[in-house]
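**Q** The numbering of the sequence shown is the numbering used here, which starts it at 428 and goes up by one. Backbone N, C-alpha and C fix where the C-beta goes; we use that ideal spot for every residue, glycine too. The structure follows.
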Amino acid sequence: MSATGSLDRVIDQPAAAPPVASAPDSRPAEKDNTTFRGIVQGDAELNFEWSAFLIDSLVAAGVTHVVMCPGAQMAPLALACRANPALKITVVIDERAAGFFALGLSRVTRRPTILICTSGSAVGEFFPAVMEASTGMIPLILITADRAPENQDRCSAQAIDQIRAYGEHARSSHSLPLPDASIGTLSALASRIYEQSLWPMPGPVHVNQPFRDPLVPKTRVKRAVPQPPTITEPVIQLRQEDVERMADTLSGRRGVIVCGATENVEEPGFPAAVYELARQLAAPIIADPFSNLRFGAPADSGVIARADTFLRAARFTATHQPEWILNFGGPAMSKPVLTYMQESTASDYIVVDPTTRWSDPLLRATHIVRSSPETLCRALTESGRLKAAPGVWRQSFIACDGFIDTLSRSAFETSLWEAPIVRRLIKAAPDGAVVFSGNSMSVRDFDSFSGSTDTRLRLLANRGTNGIDGSIGTLIGIAAAQRHTKTVCMIGDMAFSHDVGSLQLAGDLDIVLVVLNNGGGGIFEYLPTANVPEYQDFLSPPTLSIGAAGKACGWKHWEIRDLDGLNAALDAAMAAKGPCLIEAVIDRKASVQQHKLFWSAVNGINATIRLRGPEGMIATFGQVQPASQDSADDSLNFDRDD
């Protein structure tokens, strides 16, 4: 066998017999009913050899997982995957569920997962996951099997135009030829495909692979794959003069560091680097829950986890205007945080992003910095030019954060609603675990109520397109990638109904899934839709039994209606093996009232600042000086409209 370029194949075929004149009544040679050509068994052997060389080359480049959706046309690819013992293979019938399952795998492994499907409409079923992977910067490699060119555009079964099927959502698209003598070029192409899924901006890469019948070989011969090239990704950093200019811009001025979902940029040293930068600048770090800076942060890091609540306080925002904003990891999720950023008087709005995306939804950016976040933070702190912000700027943010956190631990833990559920989930998650959140209100509740902990956690959500679709599939993919620990999750009943088919993928994975059954569409209570006569059109109460659906797919199920039930169910689920489903039945109207009461805590902040000035929160809650009983009571009057 040759590993260079020749087609040295072993094909079991009978030796050619001497030509014999056909009898007038002899049967014609077997034909394919779509190509109308004689069957050539050698095509099947070549299909396998080509597919095996492509798959093996991707594995050599670094791929570890493949998700296959069965169909006749993808048979050569399926057989090739099974012929590689290094691959971890999952077979999923539903392409839509498979796409999100692969997304979950890639989010945890930070490597591209191969997704394989047959031709036709199956290709389109991947599309929601492709959009999420593109906007969420998740690496995927999609290989769509296709019919031969002669089958296209003439009503052949399962033959559609699949080339560039995912448009601009794919980082790159490769339309491969029918397997032929160019097989030796696949190794270099596989390395290129692997890199394109990871750099310069992670995302999906599409490979369209046509095959000519027959598809199942009689013999399976592989050729050796050459060693792939070593690809070294650059660390993007600023010139020294640019670092010094930025240091001077930030130094000695009041500013805030806002960190969005930084987990997509794989820099393990970033948390420590940004904590140190914040210390030297005496700047608060407004940390989105998906920045993963809230969990396991040092006590002196200045991480703010309650900004979504206290930045609703008009007096605080009016008296705490930043002169600069430094944004890592994209925009924050919280609307109050975004409003604070947009309406601020900051003269310098600096966005740091090493990728090619344009991360400026507020149209406020004065500087777009293409740099490694970790490298930039270290360069600034090592420049020797940084000075702390004047006064007690950072302490005011910390005092407000602590005030809201104290309230959430006491006054709002008396009934079953989202706040105590989130807090208990975060507390129950083991060190190093991944916590997954559904979108809509679930993700906002994690922002408002998850707080900060000493436990190291990785909080994930599909925040690329912010859709509720694929939540369960993504969760199970995440769990499959981290079998060594529990995976915990909270989603709404609409998201559950939307992806109920993915429940069957869980198998024996250790998952604790909390579903908020509040009659569907809880988020619409907080939107203008709540005031329209057609409000009921926006609600989607589940028409299926959540418990029955879970049990049918092998999930243990608890239905709970109060905090005692939640505590008991959560303890049992965390101790159990396999997938566990906790259905939390919530009174939607009561939950809305609790949310609004919680947010009204800002009236206490407004009153305190009105009575004691901009630094009043420190005086009252920061133990800088004792507070009088009268003013303290006044500051806690949440019912007053200040």
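For Ala976, which residues from the same chain have a beta carbon less than 7 Å from its beta carbon, with the 5 sequence-adjacent residues on both sides left out?
**A** Sequence-distant partners of Ala976 (beyond 5 residues in either direction) whose C-beta falls short of 7 Å from its own C-beta, in its chain, are Val927 and Leu930.
**Q** Please list the segments of the alpha helix (DSSP H) lying wholly inside the region 833-915, counting only runs of 4 or more residues, in order along the chain.
**A** 845-855, 868-876 and 898-908
**Q** Let me know the beta strand (DSSP E) ranges lying completely inside the region 698-767, each 3 residues or longer, listed in chain order.
**A** 712-714 and 751-755
**Q** Buried or exposed: where does Gly696 fall if 16 or more other Cβ atoms within 10 Å of its Cβ makes it buried?
**A** exposed
**Q** Rounding to the nearest angstrom, what Cα-Cα distance links Ala1034 and Val941 in this structure?
**A** 37 Å
**Q** List the endpoints of the continuous beta strand (DSSP E) containing Met495.
**A** His492 to Met495
**Q** Where does Tyr776 fall in DSSP's three states?
**A** strand
**Q** According to DSSP, is Asp521 helix, strand or coil?
**A** coil
**Q** Let me make sure I understand the geometry here. Which of Gly829, Val662 and Arg534 has the alpha-carbon closest to that of Thr901?
**A** Arg534
**Q** Compare the Cα-Cα distances from Asp775 to each of Asp483, Glu750 and Leu789 and report the closest residue.
**A** Glu750
**Q** What are the boundary residues of the alpha helix (DSSP H) that includes Glu668?
**A** Gln667 to Leu677
**Q** Where do the N-terminal and C-terminal ends of the beta strand (DSSP E) with Thr571 fall, by residue?
**A** Leu567 to Asp573
**Q** Pick out the complete alpha helix (DSSP H) segments inside the region 969-1042, 4 residues or longer, and give them in chain order.
**A** 973-979, 990-1002, 1015-1026 and 1029-1039
**Q** For Thr562, does the three-state DSSP call read helix, strand or coil?
**A** helix
**Q** Considering only the beta carbon of each residue, do Asn866 and Ser898 sit closer than 9 Å?
**A** Yes, these two residues count as a Cβ contact at 9 Å.
**Q** Look at the alpha carbon of Pro455 and the alpha carbon of Ala549, and state the distance between them as a whole number of angstroms.
**A** Since pLDDT at Pro455 reaches only 48, below the 50 mark, its modelled position is unreliable, and the value read off the structure follows with that caveat. Straight-line Cα distance between these residues: approximately 35 Å.
**Q** Using the Cα positions of Ala773 and Asp991, report the straight-line distance between them to the nearest angstrom.
**A** 47 Å
**Q** Does the distance from the C-beta atom of Ala572 to that of Gly498 stay below 9 Å?
**A** yes
**Q** Find the nearest neighbour of Met1001 within the set Phe876, Val1012 and Ile853, judged by alpha-carbon distance.
**A** Ile853
**Q** Should Lys816 and Phe528 be called a contact, given that it needs their Cβ atoms to be closer than 9 Å?
**A** For the record, residue 816 in the displayed sequence is Ala; it is not Lys. Taking 9 Å as the cut-off, the Cβ atoms of Ala816 and Phe528 do not count as close.
**Q** Do Phe876 and Phe737 have their C-beta atoms within less than 9 Å of each other?
**A** no
**Q** Leaving out five residues before and five after His984 in sequence, what residues of the same chain have Cβ atoms less than 6 Å from its Cβ?
**A** Gly974, Gly977, Lys978 and Leu1008
**Q** List the whole-angstrom C-beta distance separating Pro800 from Phe638, where the pair is believed to meet the contact cut-off of C-beta under 8 Å.
**A** Rounded, the Cβ-Cβ distance is 44 Å, inconsistent with contact.
**Q** Kindly indicate which residue of Phe965, Ser879, Tyr767 and Arg721 has the alpha-carbon position closest to the one of Arg739.
**A** Tyr767
**Q** Here's the rule: buried if 16 or more other CB atoms are within 10 angstroms of the residue's CB, otherwise exposed. What is Gly859?
**A** exposed
**Q** Give a yes or no on whether the C-beta atoms belonging to Leu704 and Leu616 are separated by under 9 Å.
**A** Contact flag unset, no.
**Q** Closest by CA to Ser823, which one among His747, Asp832 and Ser599?
**A** Ranking His747, Asp832 and Ser599 by Cα distance to Ser823 puts His747 first.
**Q** Suppose the cutoff is 6 Å on Cβ atoms and the five residues either side in sequence are ignored; what does the same chain contact list for Ser546 look like?
**A** Gln500, Ala572, Asp573, Arg574 and Gln585
**Q** My guess is that Leu936 and Pro1006 are in contact by the Cβ rule of under 8 Å, so how many angstroms apart are they, rounded?
**A** 6 Å
**Q** If we ignore side chains and look at the alpha-carbon of each, how far apart do Leu886 and Phe717 end up?
**A** 6 Å
**Q** DSSP three-state label for Leu542, please.
**A** strand
**Q** As a quick exercise: from Ala724, Asn889 and Gly934, pick the residue whose alpha carbon is nearest that of Arg910.
**A** Gly934
**Q** Excluding sequence positions up to five away, which residues of its chain have a Cβ less than 7 Å from the Cβ of Ser798?
**A** Ile663, Gln664, Leu665, Val779 and Pro781
**Q** In the DSSP assignment, find the alpha helix (DSSP H) that holds Val652 and state where it starts and stops.
**A** Looking at the DSSP string, Val652 is not in any alpha helix (DSSP H), and its letter there is neither H nor E.
**Q** Grab me the residues of Leu720's own chain with a C-beta within less than 6 Å of its C-beta, minus the 5 sequence neighbours each way, in chain order.
**A** Closer than 6 Å at the Cβ level, and outside the excluded window around Leu720, lie Cys686, Pro698, Ala714 and Val730.
**Q** Counting along the chain, where does the alpha helix (DSSP H) carrying Gly682 start and finish?
**A** Looking at the DSSP string, Gly682 is not in any alpha helix (DSSP H); the run it does join, the beta strand (DSSP E), is Gly682 to Cys686.
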